[in-house]
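Asks:
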Amino acid sequence: MADSIADNLLEVRQRVEQAAAKAGRKSDDCELLVVSKTWPADKVAEVANAGQLSFGENKVQEAEGKVPALPDNLCWHLIGHLQRNKVRKALPLFDVIHSIDSLKLARYTSNIATELKLKPQVYLQVNIAGEESKNGYSVEDLRRDYDDLLGLQGLQIQGLMCIPPAAKTPEDARPWFAALRELRDELEQRGGHTLPGLSMGMSGDYPVAIEEGSTIVRVGSAIFGHRNYH
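Residues 142 to 371, numbered by the numbering used here, are exactly what the sequence shown covers, in order.
(1) So, for Met142: in the same chain, excluding its five sequence neighbours on each side, which residues have a beta-carbon less than 6 Å away from its beta-carbon?
(2) From which residue to which residue does the alpha helix (DSSP H) around Ile253 run?
(3) By the 10 Å Cβ neighbour count, where 16 or more other Cβ atoms means buried, how is Lys178 classified, buried or exposed?
(4) Would you check if the stretch 243 to 255 and the stretch 207 to 215 touch, i.e. whether three or more CB-CB distances between them fall below 8 Å?
(5) Taking the beta carbon of Asp326 as the centre, do at least 16 other beta carbons fall within 10 Å, making it buried, or is it exposed?
(6) Do Leu244 and Asp288 have their C-beta atoms within less than 8 Å of each other?
(7) Rounded to a whole number of angstroms, what is the C-alpha to C-alpha distance between Gly300 and Asp144?
(8) Assuming Val267 is part of the alpha helix (DSSP H), what are its boundary residues?
(9) Is Val360 near Val176, with beta carbons less than 8 Å apart?
(10) Helix, strand or coil, according to DSSP, for Trp317 in the structure here?
(11) Within a Cβ cutoff of 6 Å, which residues of the same chain sit near Ala147, ignoring the five residues on either side of it in sequence?
(12) Look up Phe365 in the DSSP assignment and say whether it is helix, strand or coil.
(13) For the pair the stretch 196 to 206 and the stretch 316 to 335, tell me if three or more CB-CB distances fall below 8 Å.
(14) Beta-carbon within less than 6 Å of Ile269's beta-carbon, same chain only, minus the 5 sequence neighbours each way: which residues are those?
(15) Taking contact to mean at least 3 C-beta pairs separated by less than 8 Å, is the stretch 326 to 336 in contact with the stretch 150 to 168?
(16) From Gly345 to Pro311, what distance separates their C-alpha atoms?
(17) With distances taken from CA atoms, which of Arg229, Gln193, Gln224 is nearest Asn214?
(18) Strictly by DSSP, which residues pair up with Val176?
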């Protein structure tokens with residue numbers, strides 16, 4: 142008999158705690174974000190009923206139909222690419238946005254947030270390996286734009302996010318997680334702003350990401366099972 146979603150959630154939480162302990166970190170130093178994209182509201186409710194409050198969605202359109210159907214106390218994170226024409230719809234839905242990947246998008250999002258009297262928490266998405274197929278700031282462009290990003294009054298910049306290249310083993314992702322942490326440390330040393338957040342690690346590699354300093358891991362299939370694409 143397959144494990145229940147609640148059993149899977151408990152197992153992932155235990156692995157998060159074990160990885161944190163291995164790295165000499167406190168268990169609450171890293172938040173578990175359950176990736177609920179493609180899963181219907183009733184399945185998300187099952188996870189919420191097991192005590193999980195933070196969920197990640199990839200698409201604004203999907204979240205529009207899902208978020209209102211679930212309890213108000215849940216915290217919603219946008220982890221997929223944010224298109225400029227979706228910003229106005231996204232801001233009232235999501236508490237946290239993990240995919241700010243250009244100064245142009247950041248400025249526009251800040252302006253709309255100010256207009257709506259919102260101030261979302263955001264992560265700056267970094268294309269840490271320079272892959273042409275992925276969205277995200279290049280390291281060089283982020284260094285160039287960083288001071289301007291800090292000046293945007295409508296955003297609370299929490300930290301950096303990355304999706305490393307596809308890897309055969311979790312250990313293969315470790316250098317990329319370390320690189321994001323080192324970039325965060327470099328930006329902090331420029332002064333004026335702390336970046337406490339590192340959004341990195343998914344179902345296949347999150348223990349390694351935690352060992353490298355992740356503060357929020359994005360885990361879906363290890364809890365729900367294989368994607369329910371539709």
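Where is the CB? At the ideal position from N, CA and C, for every residue including glycine.
Replies: The structure says:
(1) Start at 1 with the first residue of the sequence shown, and residue 142 comes out as number 1. Reliability of the predicted coordinates at Met142 is poor, the pLDDT of 34 falling under 50, and the value obtained from them is presented with this limitation in mind. Closer than 6 Å at the Cβ level, and outside the excluded window around Met142, lies no residue.
(2) Here residue 253 refers to the residue found at position 112 when the sequence shown is read from its first residue. Element bounds for Ile253: 244 to 256.
(3) The residue labelled residue 178 in the question sits at position 37 within the sequence shown. Answer is buried; the Cβ neighbour count reaches 16.
(4) no
(5) The residue labelled residue 326 in the question sits at position 185 within the sequence shown. So Asp326 counts as exposed.
(6) Taking the first residue of the sequence shown as position 1, residue 244 is located at position 103. Taking the first residue of the sequence shown as position 1, residue 288 is located at position 147. Cβ distance not < 8 Å, so Leu244 and Asp288 don't count as in contact.
(7) In the sequence shown, the residue the question calls residue 300 occupies position 159. In the sequence shown, the residue the question calls residue 144 occupies position 3. So the two alpha carbons sit approximately 34 Å from each other.
(8) On the sequence shown, residue 267 is found 126 positions in, with the first residue counted as 1. Premise fails: Val267 is in no alpha helix (DSSP H) and is neither H nor E.
(9) Taking the first residue of the sequence shown as 1, we reach residue 360 at position 219. Taking the first residue of the sequence shown as 1, we reach residue 176 at position 35. Cβ distance < 8 Å, so Val360 and Val176 count as in contact.
(10) Here the question's residue 317 lines up with position 176 in the sequence shown. Here Trp317 sits in helix by DSSP.
(11) The residue labelled residue 147 in the question sits at position 6 within the sequence shown. Contacts found: Ala191.
(12) Walking along the sequence shown from the start, residue 365 turns up at place 224. If DSSP states are grouped into helix, strand and coil, Phe365 belongs with the helices.
(13) no
(14) Along the sequence shown, one-based indexing puts residue 269 at 128. Hits under 6 Å: Cys303, Trp317, Ala320, Leu321.
(15) no
(16) To locate residue 345, count along the sequence shown from 1; it is residue 204. To locate residue 311, count along the sequence shown from 1; it is residue 170. Distance between the alpha carbons of Gly345 and Pro311: 6 Å.
(17) Position 73 of the sequence shown, counted from the first residue, corresponds to residue 214. Looking at the Cα atoms, Gln193 is the closest of the given residues.
(18) The sequence position of residue 176 within the sequence shown is 35, counting from 1. Answer is Gly197.
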